[in-house]
Amino acid sequence: MDHLPTSLKCPNCASPIREADYDQEQGTIRCSYCGTLMLPPKTQRSGAFRARPPVALPSGMRLETNMRGLVIYRRWFNWPVLFLIPFCIVWNSFLVGFFTSMSGSNAPWFVRLFPLGHVAVGVGLSYYTLAMLFNRTRVEVTHGSVTVSHGPLPWTGWREIAAGLIDQTYCKEIIRRNKNGVSTHYEVWVALSDGKHSRLVAAGMDPEQALYIEQQIETTLDIKDRSMPGEYRR
Ligand SMILES: [Zn+2]
């Protein structure tokens with residue numbers, strides 16, 4: 196381990212990457228300061244750093260290749276979302292019952308409108324549940340651009356970035372604390388040649404899914420030869 200570069204910096208927080216941040220077993224680098232996960236730059240994948248086998252297609256993902264490049268699909272479905280279905284049914288049934296009983300009564304208007312906030316929650320939660328059941332994220336990588344979209348239910352997060360602007364991709368660790376404990380998921384980010392950073396895929400992914408997208412983008416766009424500030428060059 197005496198050949199490790201000392202000048203490699205975390206693309207997210209710019210902390211120097213230390214020897215302990217290299218996971219030889221996994222073939223990945225994890226910034227010990229901010230948790231960012233990334234594949235080592237290709238210039239380092241030989242020599243001091245043991246070459247890792249390519250990230251296999253993770254579960255919940257599908258890969259299509261075509262003349263222009265490739266498309267990665269990721270299903271949003273996860274089993275816990277099934278628990279939301281009975282909740283949505285009970286919530287919405289209660290509201291339907293409430294408005295049905297109000298329609299025949301002469302209750303004042305503010306009593307009739309009282310549950311509008313509950314209606315908003317019911318609609319929002321139902322839409323979220325349907326999206327989690329049926330939506331997919333589509334990441335198209337061509338030599339011209341990287342495009343991210345979500346559907347069939349409309350959702351925010353559409354992105355298109357010119358391939359020539361992408362200097363590096365990396366996986367940002369997002370930690371959420373809620374009453375059930377701590378959940379960790381990953382987003383895919385890109386460092387652009389103008390020095391800006393842009394979130395490419397925000398959907399809550401596990402590390403293998405995020406690393407897979409990073410790998411496919413870097414391989415297709417052949418990012419290895421572009422220099423990053425602080426990147427180790429032989
Ligand atoms: Zn970092």
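Mapping of the sequence shown onto this note's numbering: residues 196 to 429, in sequence order. Even for Gly, the Cβ is constructed at its ideal location relative to N, Cα and C. Quick caveat: nothing in here was measured; it's all calculated off a predicted structure.
Which residues, in chain order, sit with a beta-carbon under 6 Å away from any heavy atom of ligand 1? Cys205, Asn207, Cys208, Ser210, Cys226, Tyr228, Cys229, Thr231
Nearest-angstrom Cβ-Cβ length linking Tyr407 and Val266, presumed shorter than 8 Å: The pair is not a contact, with the Cβ atoms about 13 Å apart (cut-off 8 Å).
In chain order, which alpha helix (DSSP H) runs of at least 4 residues are fully inside the stretch 389-419? 402-416
Inter-stretch contact at 8 Å, needing at least 3 Cβ pairs: the stretch 307-314 / the stretch 346-362: no
According to DSSP, what are the bridge partners of Pro211? Assignment of beta-bridge partners to Pro211 by DSSP yields Lys204.
What whole-angstrom Cβ distance do Gly264 and His380 have, given they're in contact under 8 Å? Not quite, the Cβ-Cβ distance comes to about 26 Å (not below 8 Å), so this is no contact.
Could you spell out the range, first to last residue, of the beta strand (DSSP E) harbouring Thr332? 331-337
Restricting to Cα atoms, I'd like to know which of Gly359, Val385, Ile356 is closest to Cys366. Val385
Where does Gly376 sit, in a helix, a strand or coil, going by DSSP? Three-state result, Gly376: strand.
Determine the closest residue to Gly346 out of Met327, Pro211, Asp362, with distance taken between C-alpha atoms. Met327
Thinking C-beta only, is Leu395 closer than 8 Å to Val343? yes
How would you call Cys205, buried or exposed, if buried means at least 16 neighbouring beta carbons within 10 angstroms? By the 10 Å Cβ count, Cys205 comes out buried.
By the three-class DSSP mapping on this structure, what secondary structure does Gly312 have? The answer is helix: DSSP assigns Gly312 an H, G or I state.
Limits of the unbroken beta strand (DSSP E) element including Gly346: 340-346
Residue closest to Glu409, alpha-carbon to alpha-carbon, out of Leu308, Gly376, Gly359, Leu234: Out of Leu308, Gly376, Gly359, Leu234, the CA that lies nearest to the CA of Glu409 is found in Leu234.
Rounded separation between Ser241 and Trp274 - CA only: Low per-residue confidence applies at Ser241: pLDDT is 49, beneath 50, and the placement is therefore not dependable enough to give any value.
Which residue's Cα is closest to the Cα of Asp389: Ala357, Leu203, Asn287, Trp304? Ala357
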